[in-house]
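> Mapping the sequence shown onto my numbering, position 85 (from 1) lands on 105, and the numbers just tick up by one.
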Amino acid sequence: MLNTPLRLEDVQWSSTNGTYGQLAISGCTLKRFNAAEARQCLAGKRLVIVGDSVTRFQYVVLAYFLHTGSWPKPIGNQPEHPSLANSKAWGSVGAYTKGTTALLGGKELCDCSGQTDNRHFMGDGFSVHYFQYSDSQNGPTPWANGNIKGRYGFPPYLDGPMPNTTQNPADTIWQVPVIKALTGPLAKLKPTHLILNSGLHGSTNFWTPEHAQNITLAGQSAVAGQQGRVFWKTTTAARPSALVKTHRDHDATALEAARLFGWGVYDAYAITRPLVNLPRPPMWDTVHFEAGVYRELNLFLLNMICSE
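If you want it as structure tokens, here you go:
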């Protein structure tokens, strides 16, 4: 059930100690992993995640949990640092990138600049990688033709003679469409679990049948050597006033391709939909959530992976 689209009516959020909600799914008992259990589950695994800024914040919250053993506070504002889920609270994107990387105690490699944000958390015997999708298009076949960028020579995929870790976006050396990224730089990480998300950059319903097939074949190719799994992550819900509208059918074409190829479905839309219409939604703008929501999204993801 966890690896398939959820029924909207089965998703519930319940209060804990009157402070913040916990996710519940009717008919399922979700395990609430502590950090030791999560690390044990991830042992020997390499998670590669492609997505938008919502997915990036989710990655940062997960990496922090795996490193420190504690989930970050729901809205931050602790004396030592602002919220890990709100880059604006840090004053600038650069300050957020440097500050959150520093909190991970040297276990994260960040290929980051103003336009590129690829982050690699290296745990003990496992790794979690996030690649930012960029350059959304408004015409036909968006996302599939959009780019993933990076720098040769930046670990953990050493293709060049020297690491390049400057903050200048002009120093980007490789920039390829998603399909080529899946069969090239991302495949070199040998993912055991690949999670793809078009996010707020456009609905997959503009895909042509050819693009849908090419994306699914590229995803399968990236995990084939490890006999890994691919998951399509549905786009998280947005507030009614958001500039970019999301809805249940936002990922319909991708979900159909996922079904045909036996991919799992990580239904982030169904999970977050009940939150966006609350009188006081746990969000800091119309599309980005507080850290506690990413905690629950990550716990759901761990349940998906660890129940295989």
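Where a beta carbon is used, it is the ideal one built from N, C-alpha and C, also for glycine.
Here the structure is a predicted model, which is why all the values come from computation and not from measurement.
#1: Rounded C-beta distance between A201 and K253? I'm assuming under 8 Å.
#2: In whole angstroms, what is the alpha-carbon distance linking Q32 and G282?
#3: For N318, count neighbouring Cβ atoms within 10 angstroms of its own Cβ and tell me buried if that reaches 16, exposed if not.
#4: Give me the Cβ distance between A55 and L86, rounded to the nearest whole Å; I'm assuming they're in contact under 8 Å.
#5: Looking only at its own chain, which residues have a Cβ that is under 6 Å from the Cβ of V70, when we skip the five neighbours before and after it?
#6: Since I believe N234 is in contact with V196 (beta carbons under 8 Å), could you give me their beta-carbon distance rounded to a whole number of angstroms?
#7: Helix or strand or just coil, what does DSSP make of P183?
#8: Out of curiosity, what's the CA-to-CA distance linking G312 and P94?
#9: Under 8 Å: do the stretch 236-251 and the stretch 287-301 share three or more Cβ pairs, one atom per stretch?
#10: Tell me whether D271 is buried or exposed, calling it buried when 16 or more other Cβ atoms sit within 10 Å of its Cβ.
#11: So, with DSSP's three-state summary, where would you put K265?
#12: Any idea what DSSP makes of P229, helix, strand or coil?
#13: Classify R315 as helix, strand or coil using the three-state DSSP reduction.
#14: Across which residues does DSSP place W252 in a beta bridge pair?
#15: Looking only at its own chain, which residues have a Cβ that is under 6 Å from the Cβ of A340, when we skip the five neighbours before and after it?
#16: In terms of residues, what are the limits of the alpha helix (DSSP H) holding H87?
#17: State the Cα-Cα distance for the pair D144 and Y286, rounded to the nearest angstrom.
#18: Near T186, what residues of its chain come up, given a Cβ to Cβ distance below 6 Å and the 5 sequence neighbours on each side ignored?
#19: Using DSSP with H/G/I as helix, E/B as strand and the rest coil, what is F151?
#20: State the Cα-Cα distance for the pair R27 and L275, rounded to the nearest angstrom.
#21: In angstroms, rounded to a whole number, what distance separates the CA positions of A238 and L206?
By the coordinates alone:
#1: With a Cβ gap of about 16 Å, A201 and K253 do not count as contacting.
#2: 27 Å
#3: buried
#4: 6 Å
#5: F151, Y153 and L216
#6: Between N234 and V196 the Cβ distance is about 13 Å, and since that is not below 8 Å, they are no contact.
#7: For P183, the predicted model reports a pLDDT of 42, less than 50, meaning its position is unreliable and no value from the coordinates is stated.
#8: 4 Å
#9: no
#10: buried
#11: coil
#12: helix
#13: helix
#14: L216 and V285
#15: Past the edges of the chain, shown from 21 to 328, lies residue 340, and the structure says nothing about it.
#16: S73 to T88
#17: 25 Å
#18: With a pLDDT of only 49 at T186, under 50, the local geometry of the prediction cannot be trusted, and no value is derived from it.
#19: strand
#20: 14 Å
#21: 10 Å
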